[in-house]
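Below is one structure, written out as structure tokens; comments come after it.
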Amino acid sequence: MTDAILQVDNLTKRYAGFCLDHVSFSLPKGTIMGLIGENGAGKSTTIHAILDLIHKDDGTVTFWGQELAASRQFKEDIGVVFDGINFYETLTPAKVGKISRAAYGQWEDPLYQDYLKRFGIPADKEIKTLSKGMKMKLCIAAALSHKPKLLLLDEATAGLDPVMRDDILDVFLEFVQDEEHSILMSSHITTDLEKVADYITFIHQGKMVFCKTKDELRYRYGIIRCGTEFMKRMDRAEILACRKDDYQWNVLVADKEKARRNYKDVIVDDATIDDILLLYVKGERAK
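Residue numbers (this note's numbering): 494 to 780.
Encoded structure:
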């Protein structure tokens, strides 16, 4: 990938019992990257290490070709939403706007007010009285209102109902429409990523499994449904992951059209991102 807003190389963080192990990926301008993996896979650790909120044991992270500490402007140009409220809960959204106006040189109060109205957020109610979904919308509104070029989102659509999630995803698509802005978003809601993501980066047990375009995963990957005898005859080089349920084997392959040509006596289904995630996490990897 060229013209990257964010470049992550060999990012490593070690804890007792867990290691984020040499994770590397590149986020180009004008794109949305989904970061997926099971709970505890290392998604939040990756985002925290990217932002220098935790010490990296190895690796480099650059924004627009420079490290985060190299420029105060980077803090203006990066919007962040974590899985949880970022503000004191005795504040109101109106007071959040006043504090943010003092904190960010690029803050646009009319834009913030527009987002409050668009998201249906009451300006004068204390944050502690708002629902989890409303709190998340407030964090997103604040992150967007200092006009960042890059958004880093950790489960930012969690807690939102399907209608509001769809509205928020439309906002994200608008954000990258000019091809100068980008988003890195971790999410366990893979249907959201199927709607908006250009790239999918998959982390499992702290290790990179792949970083691929969403279109390659959706349009090329497939799942063969077959019995044990057929499974034994398959070329192991074609098997990315496999899992046996009560009645059949489910075999993930990287080229479903090739599988359909070569294996005409079995079903080869399309694979969703959820299917791919589950087979890698719960299935067996080919030896």
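Glycine is no exception: its CB is placed at the ideal position from the N, C-alpha and C atoms. The structure presented is a predicted model; accordingly, all values stated were derived computationally and were not measured.
Helix, strand or coil at residue i according to DSSP, with G and I counted as helix
{"i": "N503", "result": "strand"}
{"i": "S638", "result": "coil"}
{"i": "A587", "result": "helix"}
{"i": "T524", "result": "coil"}
{"i": "G626", "result": "helix"}
{"i": "A596", "result": "helix"}
{"i": "F665", "result": "helix"}
{"i": "E619", "result": "coil"}
{"i": "R778", "result": "strand"}
{"i": "L609", "result": "helix"}
{"i": "R736", "result": "strand"}
{"i": "F703", "result": "strand"}
{"i": "I547", "result": "coil"}
{"i": "Y692", "result": "strand"}
{"i": "I682", "result": "coil"}
{"i": "R713", "result": "helix"}
{"i": "F723", "result": "helix"}
{"i": "H541", "result": "helix"}
{"i": "F567", "result": "helix"}
{"i": "D576", "result": "coil"}
{"i": "I529", "result": "strand"}
{"i": "L604", "result": "helix"}
{"i": "D708", "result": "helix"}
{"i": "D647", "result": "strand"}
{"i": "D671", "result": "coil"}
Local Cβ density within 10 Å of residue i, reported as buried at 16 or more and exposed below that
{"i": "E648", "result": "buried"}
{"i": "L528", "result": "buried"}
{"i": "I760", "result": "exposed"}
{"i": "G572", "result": "buried"}
{"i": "L666", "result": "exposed"}
{"i": "A509", "result": "exposed"}
{"i": "Y608", "result": "buried"}
{"i": "P603", "result": "exposed"}
{"i": "Y581", "result": "exposed"}
{"i": "T585", "result": "buried"}
{"i": "G558", "result": "exposed"}
{"i": "Y740", "result": "exposed"}
{"i": "A752", "result": "buried"}
{"i": "A715", "result": "Residue identity check: residue 715 is Gly in the sequence provided, not Ala. When all chains shown are included, G715 counts as buried."}
Proximity of residue i and residue j at Cβ, strictly below 9 Å
{"i": "A542", "j": "G699", "result": "no"}
{"i": "F511", "j": "T539", "result": "no"}
{"i": "I525", "j": "V656", "result": "no"}
{"i": "L631", "j": "L637", "result": "no"}
{"i": "T505", "j": "D496", "result": "no"}
{"i": "V744", "j": "I717", "result": "yes"}
{"i": "V589", "j": "L644", "result": "no"}
{"i": "E750", "j": "R713", "result": "yes"}
{"i": "L646", "j": "S680", "result": "yes"}
{"i": "I578", "j": "K610", "result": "no"}
{"i": "I633", "j": "F612", "result": "yes"}
{"i": "A764", "j": "R729", "result": "no"}
{"i": "A635", "j": "A616", "result": "no"}
{"i": "T583", "j": "E619", "result": "yes"}
{"i": "A747", "j": "E722", "result": "no"}
Cβ shell of residue i (< 6 Å), same chain only, five flanking positions each side left out
{"i": "M701", "result": "V516"}
{"i": "Q599", "result": "E569, H639, K640"}
Sequence-distant residues of its chain with Cβ nearer than 7 Å to residue i (five each side left out)
{"i": "K737", "result": "none"}
{"i": "D685", "result": "T650, R658, L662"}
{"i": "D767", "result": "T683"}
{"i": "E601", "result": "S638, K640"}
Same chain, Cβ closer than 8 Å to residue i, neighbours up to 5 away in sequence not counted
{"i": "R778", "result": "L733, A734"}
{"i": "E560", "result": "T553, V554"}
{"i": "Y773", "result": "F695, H697, V702, L733, A734, L745"}
{"i": "K775", "result": "R736"}
{"i": "L439", "result": "Since the first residue of the chain shown is 494 and the last is 780, residue 439 is not available in this structure."}
Secondary structure, beta strand (DSSP E): runs of 3+ residues fully inside the segment 740-773: Runs found: 742-746, 760-763.
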